[in-house]
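Down below is the structure, laid out as structure tokens.
In this note's numbering, the protein residues as written are 5 to 531.
Pasting the structure below:
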């Protein structure tokens, strides 16, 4: 059956402002674009857009889909504004919870508190007898009560693991675990059953579709038991439903294990680059810096791996003909991994991926432009903690915080994502952040306004950019003959609406391979 899509504004994303009157779709592919008069005789059905605005299907280039589903299942504390409020909310949840159970809160951001301090271990222990962990918004730091610490065998005598920190004061545990140390608990939590993972995945996919997303590049394979367990969930839900397209990064710790499973990519679940964490995050003072933190003069952050270890991981990926995607936030982390990439380049035509790329200078930008590296940015990172990051980094260094325009001006391929559950995976939030570089409702010229980009460039991050970064620019990311019939349809025009209204535009349809997988109705939303 050939379906004609028409009756609204249809942006191709080939060039700024370019639109077409109609699209002919058949068997999940765009077979022609043009006028209604030309295409209607070939159609067996018509899908009228009712005046809505169509774009190529939006794809989140970096998130943790199962982890985002967990956030939907547990206590979301991302909007909490004080330590006391945090303790009250968690304490209420822990009432009546048995000592064997786990209580998880996600999204704590102490920089939004009047007094930016963490609860003490004794305050956590006073909330109840169950195991408790609180994940900071950056997910590079958690708070754990004594019950959870004991579960992992962490005592006052426990040394910090390589690439992580078990925080202590005067030799006593504080309950704070950073980077590799937090995995001593979170990777071994006993409720990571197949049913739990499937529920989280199901909730996440439904939510992502409601934001107009047709796919996402996700890293989930090392956190939920053996990698076969989350892979099975993706097969059971995503492959079976054929309503979302997932590109899976593979953490270096399970990379060879996944290879031995001989899993084959499908149009809905495909396997991508090796994922490596090079450093931590600004929030926990663990992003690796060339110069120390201004508010912690003896601290340069941490490199999770040595240069020699990074070389070994990259060479392993190369032996499998695979690219590498790295989490690198601080300038030292970026500089370190770019040296490794220069020494061990990918195969001709392939691109490695630099995720976050949060602190740069001219030398780093120049080096990036010489390498086969694409950049995976999260525009929302410029919101929320920017002012706190200036305190940590100082005004001069902060000129290189969360670049966008500088990357595009050097001709780099740049994709846009949310890093959900860290940020809300609404691409309109990311587009607003990229264009305005300020928090919602503010009126200043923006944080680092020299890095603002145009609306077309911002939409391109989630369409063309997300396809280019995985080498699929020949079949995804544009409305063009031969491309996948993946569409995101909004009720207003991102390019013409008042800038402050961009975050409030509603999704009318989410379309995957020509099938409507989410539709907003007048009274309710259907997925």
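Even glycine gets a Cβ: it sits at the ideal position worked out from N, Cα and C.
Just mark residue i as buried or exposed, buried being the case when its beta carbon has 16 or more other beta carbons within 10 Å.
i, result
"residue 390", "buried"
"residue 491", "buried"
"residue 378", "buried"
"residue 226", "buried"
"residue 22", "exposed"
"residue 271", "exposed"
"residue 449", "exposed"
"residue 290", "buried"
"residue 508", "exposed"
"residue 10", "buried"
"residue 4", "The requested residue 4 is not part of the displayed model; the chain covers only 5 to 531."
Going along the chain, which residues of its own chain have a beta-carbon closer than 8 Å to the beta-carbon of residue i, five neighbours each way excluded?
i, result
"residue 298", "395, 396, 397 and 398"
"residue 93", "79, 81, 84 and 109"
"residue 560", "No information on residue 560 is available, as it lies outside the stretch 5 to 531 that the chain covers here."
"residue 369", "407, 410, 411 and 414"
"residue 320", "256, 259, 260 and 278"
Among residues of its own chain, excluding the 5 on either side of residue i, which ones have a beta-carbon nearer than 6 Å to its beta-carbon?
i, result
"residue 142", "285 and 287"
"residue 472", "417"
"residue 431", "62 and 466"
"residue 392", "115"
"residue 169", "182 and 185"
"residue 60", "17, 467, 481, 482 and 483"
"residue 342", "371"
"residue 171", "178 and 180"
"residue 527", "For residue 527, the predicted structure reports a pLDDT of 47, less than 50, and the residue's modelled location is therefore unreliable. The matter cannot be settled from this model."
"residue 253", "223, 276, 277, 279 and 329"
"residue 76", "207"
"residue 402", "394"
"residue 120", "114"
"residue 196", "228 and 229"
"residue 281", "308 and 331"
"residue 294", "335 and 336"
If you compare alpha carbons, which of the options is closest to residue i?
i, options, result
"residue 224", "16, 232 and 243", "232"
"residue 46", "29, 53 and 212", "29"
"residue 499", "457, 51 and 138", "457"
"residue 479", "221, 32, 150 and 254", "32"
"residue 313", "462, 91, 166 and 514", "166"
"residue 511", "195, 5 and 53", "53"
"residue 454", "145, 487 and 407", "407"
"residue 487", "495, 494, 476 and 493", "476"
"residue 307", "334, 208, 260 and 400", "334"
"residue 515", "152, 301 and 210", "210"
"residue 435", "401, 403, 19 and 386", "386"
"residue 250", "264, 228, 217 and 262", "217"
"residue 2", "73, 175 and 125", "This structure gives no information on residue 2, because the portion of the chain shown stretches from 5 to 531."
"residue 6", "380, 34 and 12", "34"
"residue 15", "493, 336 and 505", "493"
"residue 349", "339, 362, 325 and 361", "325"
"residue 203", "111, 73 and 302", "73"
"residue 489", "459, 37 and 13", "37"
"residue 136", "174, 193, 524 and 89", "193"
For residue i, collect the residues of the same chain with a Cβ closer than 7 Å to its Cβ; drop the 5 residues on either side in sequence, then sort them by chain order.
i, result
"residue 39", "25 and 26"
"residue 529", "Any reading at residue 529 must be qualified, since the residue scores a pLDDT of 43, below 50, and its modelled position is unreliable; no value is offered."
"residue 267", "235 and 275"
"residue 122", "114, 147 and 180"
"residue 375", "342, 345 and 346"
"residue 464", "17"
"residue 164", "170 and 185"
"residue 283", "290, 291, 292, 305, 306, 307, 308, 332, 333, 334 and 337"
"residue 461", "412"
"residue 117", "85, 86 and 87"
"residue 451", "386, 390, 441 and 442"
"residue 263", "324"
Nearest chain C C-beta to residue i closer than 9 Å, yes or no?
i, result
"residue 226", "The question asks about chain C, but that chain is absent: this structure has only one protein chain."
Decide yes or no for the touch test of the segment 182-197 against the segment 150-170: beta carbon pairs closer than 8 Å, at least 3 of them. Three or more pairs of CB atoms, one per stretch, sit closer than 8 Å, so the segment 182-197 contacts the segment 150-170.
Three or more C-beta pairs below 8 Å linking the segment 323-335 and the segment 350-363: yes
Meets three-Cβ-pair contact criterion under 8 Å: the segment 239-253 and the segment 441-453: At 8 Å Cβ cutoff, the stretches do not touch.
I want to know whether the segment 419-433 touches the segment 59-79 - three or more CB-CB distances under 8 Å. Yes: at least three Cβ pairs fall under 8 Å.
To test your reading of the DSSP string, which unbroken beta strand (DSSP E) runs of 3 or more residues are found completely within the segment 25-88? Taken in chain order, the complete beta strand (DSSP E) segments of 3 or more residues contained in the segment 25-88 are 33-38, 49-52, 57-60 and 62-67.
Along the chain, which unbroken stretches of the beta strand (DSSP E) at least 3 residues long are found entirely within the segment 403-438? Segments of the beta strand (DSSP E) lying fully in the segment 403-438: 418-420.
Extract the residue ranges of the alpha helix (DSSP H) inside the segment 157-228, only unbroken runs of 4 or more that lie entirely within it. 187-190 and 198-214
Which full runs of the alpha helix (DSSP H) of 4+ residues lie inside the segment 76-146, going along the chain? 87-98 and 125-129
Residue ranges of each alpha helix (DSSP H) run of no fewer than 4 residues wholly in the segment 441-480, ordered along the chain? 459-466 and 468-472
List in chain order: all unbroken beta strand (DSSP E) runs of 3+ residues lying wholly within the segment 236-272. 249-255
Runs of alpha helix (DSSP H) lying entirely within the segment 259-337, each at least 4 residues, in chain order: You should have 259-264 and 311-323.
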